[in-house]
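**Student:**
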Amino acid sequence: MRGSILIGIIFSAVLSIILGIVKFEGKLIAFPEVKESAIFKLDFSNFFDITFLVAVLVFLYMVLFDTVGTLIGVGQAAGLVGKDGKLPRAERALLSDALGTTFGALLGTSTVTAYIESASGVAVGGRTGLTSIFVALFFLISLFFYPIVKLIGGGIEIEPGYVLHPITAPALIIVGSMMVRPVININWDDITDSIPAFITMLGIPLTFSIADGIALGFVSYTVVKLFSGRFKEINWMIIILTLVFLARYIFLALK
């Protein structure tokens, strides 16, 4: 059924209100309260400090690999990734993501980046840029309905720092099941491919980070290929990224 995930979220929201799991404050239309604007409040006072540069590189690496992992995952779900494993016009997708990240940061928001939930749109036929334009439009409209957005996506704080999302979590589980399907393309008969793939899939949820999961995959791929005597199969770019990842984790361990 088209829109089944959205219908499920609406049903869960209504049921949660009836059961008293979430509280409806009685307002439908209201703007979010902004206590202090963060627009264009950039601080370059520590620009030449090594910790500042390291932080920039770490964020660059995280955003880059979060985006790459998301684009490949959603691209495969949409059937856009070719047999060679490449995503057509990937440079344009990365450029739009980079622009979103940059301007989003200037406006003081959290990172504006490609999101894995796009798989739900792909499932009902959203495979073009027009889908993204309408999503952006609806996000803009949602500003006028902040109380409803907060009720559905804000979650419930059970204890300090411990938040549950009873309305949106089921939808995300379904989206996650959609994203698992491409694993059939992994060569499970070759342990030098299957082990790094398994570590990547396990690393992402355990570290709560797509970037860290991919990093573990790169490192394990290089190590397994090396000790299997198949070093020549490793692309030089993967070797460089492996060294960068190892340097980052060593730095974090010694910090």
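The opening residue of the sequence shown carries number 1366 in the numbering used here; numbering runs sequentially from there.
Every residue gets a Cβ at the ideal spot worked out from N, C-alpha and C, and that includes glycine.
(1) Once you ignore the five residues that flank Thr1466 on each side, which residues in its own chain have a CB closer than 7 Å to its CB?
(2) Using the Cα positions of Ile1615 and Val1609, report the straight-line distance between them to the nearest angstrom.
(3) Alpha carbon to alpha carbon, what distance is there between Ile1599 and Ser1410?
(4) Between Phe1503 and Ser1381, what straight-line distance do the alpha-carbon atoms span, to the nearest angstrom?
(5) Taking the alpha carbon of Gly1379 as the reference point, which residue from Thr1587, Leu1617 and Leu1516 has its own alpha carbon closest?
(6) Beta-carbon separation of Leu1529 and Gly1541 under 8 Å?
(7) Find out if the Cβ-Cβ distance for the pair Pro1561, Tyr1586 is shorter than 8 Å.
(8) Mind checking which residues open and close the alpha helix (DSSP H) that includes Val1379?
(9) Suppose you measure from the CA of Thr1496 to the CA of Ser1507; what does that come to, to the nearest Å?
(10) Beta-carbon separation of Phe1583 and Ile1569 under 8 Å?
(11) Evaluate Gly1438 with the Cβ neighbour count: other Cβ atoms within 10 Å of its Cβ, from every protein chain shown; 16 or more gives buried, anything less gives exposed.
(12) In three-state terms, what does DSSP make of Val1428?
(13) Closest to Ala1403 by CA distance: which of Gly1494, Ile1579 and Leu1471 is it?
(14) Considering only C-alpha positions, which residue in the set Phe1430, Arg1595 and Glu1398 is nearest to Leu1606?
(15) Runs of 4 residues minimum, wholly inside the stretch 1402 to 1487: which ones carry the alpha helix (DSSP H) assignment?
(16) Measure the Cβ-Cβ separation of Met1544 and Ala1484 and say whether it is below 8 Å.
(17) Between which residues of its own chain and Gly1473 is the CB-CB distance below 6 Å, once the five residues before and five after are set aside?
(18) How would you write the range of the beta strand (DSSP E) that Leu1529 sits in, first residue to last?
(19) Rounded to a whole number of angstroms, what is the C-alpha to C-alpha distance between Ala1443 and Asp1414?
(20) Between Phe1417 and the rest of its own chain, which residues show a CB-CB distance below 7 Å, the 5 nearest in sequence each way excluded?
(21) Could you check whether Leu1425 and Ala1455 sit closer than 8 Å to each other, using their CB atoms as the reference points?
(22) So, for Lys1392: in the same chain, excluding its five sequence neighbours on each side, which residues have a beta-carbon less than 8 Å away from its beta-carbon?
(23) For Thr1493, count the other beta carbons within 10 Å of its own beta carbon; 16 or more makes it buried, fewer makes it exposed. Which is it?
(24) In terms of DSSP beta bridges, what is Ile1539 paired with?
**Tutor:** On the basis of the data shown:
(1) Val1428, Thr1476, Val1477 and Thr1478
(2) 10 Å
(3) 41 Å
(4) 23 Å
(5) Position check: residue 1379 holds Val in this sequence, whereas Gly was assumed. Taking only the C-alpha atoms, the option nearest Val1379 is Leu1516.
(6) no
(7) yes
(8) Ser1369 to Ile1383
(9) 16 Å
(10) no
(11) buried
(12) helix
(13) Leu1471
(14) Phe1430
(15) 1415 to 1442 and 1455 to 1471
(16) yes
(17) Ala1403 and Ile1404
(18) Tyr1527 to Leu1529
(19) 43 Å
(20) Asn1411
(21) no
(22) Pro1512
(23) exposed
(24) Note: Ile1539 sits in no beta bridge, so no partner.
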